Structure formats: structure tokens, C-alpha cells
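Add 617 to the 1-based position in the sequence shown for this note's numbering, that's all there is to it.
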Amino acid sequence: MNTEYPAPTPPAVFPPWPGETPPAANPGVPFTVPEVDNMPDFHGNPAAAEFVVFAGGNYFFAMTELVEAFQRQKPELRGRIFFETIPPGIIERQLENRNTITVGNLTLSVQPDVVQAGEQRIAALIEKGVLQGPPLRFLKNSLAVMVKKGNPKNIRTLEDLAKPGVRLANPNPETEGIARQIQTALEQAGGEELVRKVYETKVKAGEAFLTEIHHRQTPLWIMQGKVDAGLTWISEPRYQMMVGHPVDFVPIPPEHNREGIQAAAIARNARNPGAARDWLAFLCSNEAKSVLEKFGMARPQ
618 MNTEYPAPTP PAVFPPWPGE TPPAANPGVP FTVPEVDNMP DFHGNPAAAE
668 FVVFAGGNYF FAMTELVEAF QRQKPELRGR IFFETIPPGI IERQLENRNT
718 ITVGNLTLSV QPDVVQAGEQ RIAALIEKGV LQGPPLRFLK NSLAVMVKKG
768 NPKNIRTLED LAKPGVRLAN PNPETEGIAR QIQTALEQAG GEELVRKVYE
818 TKVKAGEAFL TEIHHRQTPL WIMQGKVDAG LTWISEPRYQ MMVGHPVDFV
868 PIPPEHNREG IQAAAIARNA RNPGAARDWL AFLCSNEAKS VLEKFGMARP
918 Q
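The structure is reproduced here in C-alpha cells:
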């Protein structure tokens, strides 16, 4: 007797976040099992890709829209673009390991055409000969404190993050470029003592957890009740609120805030340098600008 069993209902809170579509010409058999087999930061089919971008993940939601807009301009690339949206420190390690990365039991080796990360990291990769100059500065972002909707811990300032009982998601300084700006902002607000409380004292006390992919983990942990707050780029809570997730943000005053500049450059061994040049030109377009501004980002001066 054949018995059909209903598919399990996925958890209400888990990535991939809504609004994302796989940019592959033929997605084949869908097999995504939340909490077991799930790779929201790898987009498309690397084996059939004709253009590849490695991008820092803190604007993953914008990358999806940027790629879609670029494909409208370059229809010959539709379904032939592969892009990653992972922490820039991990991207750099991937480049150092012959463009190879392993997630679970899946190992990928794919040559990027363009790499996008913080401007200092891109400059260093150009200096090493991994990327070609000149770099393109295309995105500016600022910090905010992501909190649960309603801000039940009544967090108003950066100093409030150090209060006992406030649990934090802290981006890992070893892999996530945002950590440098976060620690500088904390120092500007409360000196080195505030940095130590947030990044050392709370971690040792089990009140702060280091993220590996803060743009995914911070909102997830807030919604799961694991943490109460986390410093992120302001675009990230804006996106989560746009898709209806129960998060909010506390703005940071300009005197304590920090900006981050994202840059892009063509890979030294790019397989499709023509498409790479077209992509950089697209990032300068008004269409790309409107996508970034929708999420609270801007173009650098």
C-alpha cells in the first residue's frame, strides 16, 4: 500500500529569508531541509556559471536584486551567474585556498570574476596580486543596534549593551569586517572599558556569542530568543523589517557611529573580464543606486 506522508512543516524562523530566488537556469531537484541541508549564501549553479561574484554577505538581500537587475541588462547571462554572500574574511581564506570552500559535505572550487569586500581588504588583495586595480568604491553603510520588535530590554545607547542580562550577538573580529567598526564605535562611546565588557567580559560570562555569519545569525538569534541585541549595519534590520520579521533597530548618534565602505575589483584570473567590467559599470548606475538606497545604504562620495 502506498502511503503519502505530508512534508514536514519548516520552522517559522530560519533562513533562507523570503524574497530570494536561485539564479540558475535549471534548478533541478529542489532539496532544501531547514536546519539540515540549507545553503542560503550560495546562489546559482557554479558548474554552469559564466559570471561569478564573491561578495561580502552583509548586503545579501541587495545582491539578489542587483543580480536580477544586471541580468535584465545582460539577458545572455540570465541563469548563468553564481554569487556568494559570505563574510569577507572567509572569502579571503577561500581565495588563498585556490577558490575552494567546503560547506557540510559539499566542496566548491570556482574562479571568481569579481570580488567585493571592505575597501581596505580589497586594497590588500590588489597589493597581493589576487585582484586587479583600480578598485571601485560603490557602497556606504552605517551601524545600528538590532533588537527584538518592541525593544523589550529598552536599549537606547551603546553603553546599554554592557548591562548585565543583555545578551549579545557579536560579529567575530577574525572573519567579519564589521567587527572593526563596531569596536571603534564602542570605544568612541565608552572607551576601551566598554569594548572589553562587550567583547571579553560578556563572552566569558556567556552573555555574548561570536557570530560566523552575522547577517544571518544575528536576526535569527534575536527571533529565537537566544540574544537580545546585536550591532549590525543599519541596512540589515531595515531589510528584516521589510520582510515582516519581528525585529527593530536603535539608531546610533553620528558622534559614535561608524561607516563602512564596500569596494569591488576584478579578479586577476577572471574567466569573464568583459562581464566583470560590465558589472562594475552597473554598480555605478542609477538602477543599482536605487536598490542600495532602498535598504538605507548609499554611494560613497
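Just so it is clear, CB atoms sit at the ideal spot from N, CA and C, and this is done for glycine as well.
As the structure is a prediction and not an experimental result, all values here were calculated from the model.
Exposure label - residue i; buried when at least 16 CB within 10 Å
{"i": "Q918", "result": "exposed"}
{"i": "R738", "result": "buried"}
{"i": "E824", "result": "buried"}
{"i": "A898", "result": "exposed"}
{"i": "L694", "result": "buried"}
{"i": "Y622", "result": "Note that Y622 has pLDDT 47, beneath the 50 cutoff, so the model's placement of it is unreliable and the number below is only indicative. With fewer than 16 Cβ atoms within 10 Å of its Cβ, Y622 is classed as exposed."}
{"i": "T724", "result": "exposed"}
{"i": "K814", "result": "buried"}
{"i": "T620", "result": "Legend: pLDDT at T620 = 48, less than 50; position of this residue unreliable, value from coordinates given subsequently. Under this definition T620 is an exposed residue."}
{"i": "P627", "result": "Bear in mind that a pLDDT of 49 at P627, under 50, signals an unreliable position, so the model cannot answer this."}
{"i": "M618", "result": "Here the model assigns M618 a pLDDT of 46, short of 50, so the residue's position is not dependable, and the following value carries that caveat. Exposed is the call here."}
{"i": "Q690", "result": "exposed"}
C-beta contact flag for residue i and residue j at 7 Å
{"i": "A892", "j": "I883", "result": "no"}
{"i": "V820", "j": "V731", "result": "no"}
{"i": "A686", "j": "E904", "result": "yes"}
{"i": "A740", "j": "G696", "result": "no"}
{"i": "S726", "j": "I851", "result": "no"}
{"i": "G673", "j": "M763", "result": "no"}
{"i": "A761", "j": "P868", "result": "yes"}
{"i": "P729", "j": "A880", "result": "no"}
{"i": "T717", "j": "A786", "result": "no"}
{"i": "G735", "j": "P705", "result": "yes"}
{"i": "A679", "j": "V864", "result": "no"}
{"i": "I839", "j": "K765", "result": "yes"}
Residue i, enclosing alpha helix (DSSP H) - first and last residue
{"i": "A741", "result": "E736 to E744"}
{"i": "V812", "result": "I795 to R813"}
{"i": "Q711", "result": "P705 to E713"}
{"i": "M680", "result": "F677 to Q690"}
{"i": "R916", "result": "That residue, R916, is in no alpha helix (DSSP H); it is neither H nor E in DSSP."}
{"i": "V908", "result": "N903 to K911"}
{"i": "G891", "result": "P890 to L900"}
Backbone CA spacing between residue i and residue j [nearest angstrom]
{"i": "F659", "j": "L712", "result": "16 Å"}
{"i": "L900", "j": "P781", "result": "43 Å"}
{"i": "P854", "j": "G746", "result": "36 Å"}
{"i": "F668", "j": "W896", "result": "10 Å"}
{"i": "E872", "j": "A665", "result": "48 Å"}
{"i": "A822", "j": "I743", "result": "40 Å"}
{"i": "P836", "j": "R784", "result": "13 Å"}
{"i": "Q798", "j": "P651", "result": "32 Å"}
{"i": "E709", "j": "M656", "result": "19 Å"}
Limits of the unbroken beta strand (DSSP E) element including residue i
{"i": "V864", "result": "V864 to P868"}
{"i": "V567", "result": "Past the boundaries of the shown model lies residue 567; the chain is included only from 618 to 918, so the question cannot be answered."}
{"i": "N758", "result": "L748 to K765"}
{"i": "P788", "result": "L785 to P788"}
{"i": "V669", "result": "F668 to G673"}
Residue i at chain D interface by Cβ criterion, 7 Å
{"i": "V864", "result": "You won't find chain D in this structure, because it holds only one protein chain."}
The ligand SAH heavy atom lying under 6 Å from the CB of residue i
{"i": "E876", "result": "The ligand SAH is not among the ligands present in this structure, which contains no ligands whatsoever."}
Subject >> Whole runs of the beta strand (DSSP E) within the region 825-880, excluding any shorter than 3 residues >> reply: 825-828, 846-850 and 864-868
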